[in-house]
Amino acid sequence: MNKTGELGCLCVLVLFMSACTGLKGENTADKPLAGEVTAHEERYEAEDAQIRGKIIRQTDKEGFSGKSYVSGFTEDGDKIIFTIKNEKDGFYDLVFRASGIGGKKENTIYVDGRCEGILLTEESDVFLDSVLKRVYLTRGEHKITLEKDWGWLDLDCLYLKESAPMDDEVYQASGVLADKEADACAEELMKYLCGIYGEKILSGQYSLYGPDGKEIQLINRLTGEYPAILGMDMKDYSLTAAEHGAKPQVTEWAEEYWEKGGIIALSWHWLLPDRYVRGEWWQALYADETTIDLDAVLNGRDKEGCELLMKDLDRMAMELQKLQKQDIPVLWRPFHEADGGWFWWSRGGPDCYKKLWRLMFDKFTREYDLHNLIWVYSGMGEEWYPGDAYVDIIGEDIYPAKSCISAQGDKFLNALDYTDTVKPVMLSESGFLPEPENAARDGIYWLGCVLWGEDYLIREPGCGGHSDHLLPGSVIKNFYNNDKVITRKELPDFKEIIALSES
Numbered sequence: 001m002n003k004t005g006e007l008g009c010l011c012v013l014v015l016f017m018s019a020c021t022g023l024k025g026e027n028t029a030d031k032p033l034a035g036e037v038t039a040h041e042e043r044y045e046a047e048d049a050q051i052r053g054k055i056i057r058q059t060d061k062e063g064f065s066g067k068s069y070v071s072g073f074t075e076d077g078d079k080i081i082f083t084i085k086n087e088k089d090g091f092y093d094l095v096f097r098a099s100g101i102g103g104k105k106e107n108t109i110y111v112d113g114r115c116e117g118i119l120l121t122e123e124s125d126v127f128l129d130s131v132l133k134r135v136y137l138t139r140g141e142h143k144i145t146l147e148k149d150w151g152w153l154d155l156d157c158l159y160l161k162e163s164a165p166m167d168d169e170v171y172q173a174s175g176v177l178a179d180k181e182a183d184a185c186a187e188e189l190m191k192y193l194c195g196i197y198g199e200k201i202l203s204g205q206y207s208l209y210g211p212d213g214k215e216i217q218l219i220n221r222l223t224g225e226y227p228a229i230l231g232m233d234m235k236d237y238s239l240t241a242a243e244h245g246a247k248p249q250v251t252e253w254a255e256e257y258w259e260k261g262g263i264i265a266l267s268w269h270w271l272l273p274d275r276y277v278r279g280e281w282w283q284a285l286y287a288d289e290t291t292i293d294l295d296a297v298l299n300g301r302d303k304e305g306c307e308l309l310m311k312d313l314d315r316m317a318m319e320l321q322k323l324q325k326q327d328i329p330v331l332w333r334p335f336h337e338a339d340g341g342w343f344w345w346s347r348g349g350p351d352c353y354k355k356l357w358r359l360m361f362d363k364f365t366r367e368y369d370l371h372n373l374i375w376v377y378s379g380m381g382e383e384w385y386p387g388d389a390y391v392d393i394i395g396e397d398i399y400p401a402k403s404c405i406s407a408q409g410d411k412f413l414n415a416l417d418y419t420d421t422v423k424p425v426m427l428s429e430s431g432f433l434p435e436p437e438n439a440a441r442d443g444i445y446w447l448g449c450v451l452w453g454e455d456y457l458i459r460e461p462g463c464g465g466h467s468d469h470l471l472p473g474s475v476i477k478n479f480y481n482n483d484k485v486i487t488r489k490e491l492p493d494f495k496e497i498i499a500l501s502e503s
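As structure tokens, then:
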């Protein structure tokens, strides 16, 4: 083990030493549910709704409220359609009494045929409230549809509750960075971000090939604009990628886009060393394709693994230092989507995840004096949250149904609950563009929206193909040309601001 490895592993060792009660099959319509339905909150029974596909009515599970409940949602196209009436225009929480089968599940909710959001349902032996918050409904009749995405759901009923009003204080972020020695470039960018938060939305785009990628070209051709934020992936800076011939240019592209006036956002699909990989080397980010015991690495039982991970962190830190030397701040987003379980950094559960995050933070800021980073957490859950002392911005990665344009207020509000401190919340990775007027109406102002690339953009000659996730050109144009959305040309001159702050 080399000296760096010994120090790194030593650092690791030192730092990280209700329910419903009805009888089985019993009709409990006149008994209170665990989430009590008041007199003005009409209950819509699932067994009375329109059912499409292979969904079946059952009475096996305890605690259902009507004659039965419905179960299944196992085949594509399976859906249930409720017809509801509300007495006035306003915002409502859609409360589904449900339970996931074999784990928590996500399924899609539509209102009158438009995608409103993703419903998260926890696994349970009883029916629990699964809530889609803050959906705007006009007075009158509406069709509310729950359609299979992940599927595997037991559903008892639906009822509506008036949403709590939005509190303007959720946008009053202090802008104080977690890194107490943050460079002026990071401080000035964060100050700007907090200044627009709650009033504007930053446009953003991931691009595999940087400023000249087909996504950036396409957006400019469609709208005449460039995204305020350029998102890129540092995957090929992993040592495994280098050993297999990767020659990344992301830091050079970051410098180029910064010089053109844009903001840089970097994520890292960290590829594990070959010794942990079951399949091909480029699959080394996936939990199912790797064998690492993260707890053993972080707690000293796998010293060789500890050394290898420290080398990767060293490589990444030195690459990011190149941007620091140019006074380029970075929205740094490691270890994303932990809650999904598909990446290796979630293998050890929330405790190991938080240790790994804090280890990176301490190594980068203390050992490498990296102070140009604004730390973006998009682990997608409160239980994975590393703590306020290690996070500056909360990111949500959201991929709803095709052509969704809702503001996804439910996801925004849930993210606010990760901490009692006000942190800006952004769409750090997105498969949709929220309609700006919907966002303004709903009072849901994501700090920014960074759209994923390739398949999520309209097909244009010379710009590649597309998939079922295709966004219509009209949606892209409407987003970029709306005065609620900030494009690259509307950003201030950060280089001048930073120079003045350092003078």
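Number 239 in the working numbering belongs to position 239 of the sequence shown; there are no gaps in the numbering. All C-beta atoms in this analysis are idealised placements derived from N, C-alpha and C, irrespective of residue type, glycine included. No experiment lies behind these values; they were computed from the predicted model shown.
Answer with buried or exposed for residue i, where buried requires no fewer than 16 other C-beta atoms within 10 angstroms of its C-beta.
i      : result
Asp112 : exposed
Met310 : buried
Lys247 : exposed
Glu187 : buried
Glu502 : exposed
Arg134 : buried
Gly224 : exposed
Ser267 : buried
Met318 : exposed
Gly102 : exposed
Pro165 : exposed
Gly245 : exposed
Ala389 : exposed
Gly90  : exposed
Leu285 : buried
Report the partner residues of residue i according to the DSSP bridge assignment.
i      : result
Lys85  : Glu141
Tyr286 : Phe343
Gln205 : Leu230, Leu451
Ser130 : Phe96
Asn107 : Leu119
Arg52  : Lys79
Tyr69  : Gln58
If you run the structure through DSSP and keep just helix, strand and coil, what is residue i?
i      : result
Trp375 : strand
Ala98  : strand
Pro400 : coil
Gly175 : coil
Ile78  : The residue you asked about is not Ile; residue 78 is Asp in the sequence shown. Coil at Asp78, not helix or strand.
Asp154 : strand
Pro334 : strand
Ala296 : helix
Val135 : strand
Gln58  : strand
Ala265 : strand
Arg43  : strand
Leu160 : strand
Tyr385 : coil
Val250 : helix
Arg441 : helix
Gly90  : strand
Arg278 : coil
Ser430 : strand
Glu435 : coil
Cys194 : helix
Thr419 : coil
Ser474 : helix
Ser501 : helix
Glu147 : strand
Val391 : coil
Ile216 : helix
Arg221 : helix
Kindly give me the distance between the Cβ atoms of residue i and residue j, rounded to whole angstroms, as I take these residues to be in contact under 8 Å.
i      : j      : result
Leu413 : Ile476 : Leu413 to Ile476, Cβ: 26 Å. No contact.
Ile229 : Val391 : With 8 Å as the limit, Ile229 and Val391 do not qualify as a contact, their Cβ atoms being about 18 Å apart.
Arg315 : Tyr237 : 6 Å
Tyr445 : Tyr171 : 7 Å
Val126 : Glu47  : In fact, because the Cβ distance is near 18 Å, the residues do not count as touching under 8 Å.
Glu45  : Thr108 : About 21 Å; that fails the 8 Å criterion.
Ile216 : Leu491 : At roughly 15 Å, the Cβ-Cβ gap does not stay under 8 Å, so Ile216 and Leu491 are not in contact.
Beta-carbon of residue i versus every beta-carbon of chain B: anything under 8 Å?
i      : result
Gln172 : Protein chains in the displayed structure number just one, and chain B is not present.
Validate contact between the region 73 to 84 and the region 149 to 169 using beta carbons, cut 8 Å, 3 pairs: yes
Cβ pair count under 8 Å reaching 3, the region 127 to 144 against the region 186 to 193: no
Cβ contact check for the region 328 to 336 and the region 277 to 296: 3 or more pairs under 8 Å: no
Cβ pair count under 8 Å reaching 3, the region 393 to 407 against the region 364 to 379: yes
Validate contact between the region 78 to 97 and the region 153 to 168 using beta carbons, cut 8 Å, 3 pairs: yes
Inter-stretch contact at 8 Å, needing at least 3 Cβ pairs: the region 196 to 203 / the region 251 to 262: no
Inter-stretch contact (C-beta, 8 Å, three-pair minimum) for the region 106 to 121 and the region 170 to 177: no
Stretch pair the region 403 to 410 + the region 357 to 372: three plus CB contacts closer than 8 Å: no
The region 226 to 240 in contact with the region 481 to 498 per 3-pair CB rule at 8 Å: yes
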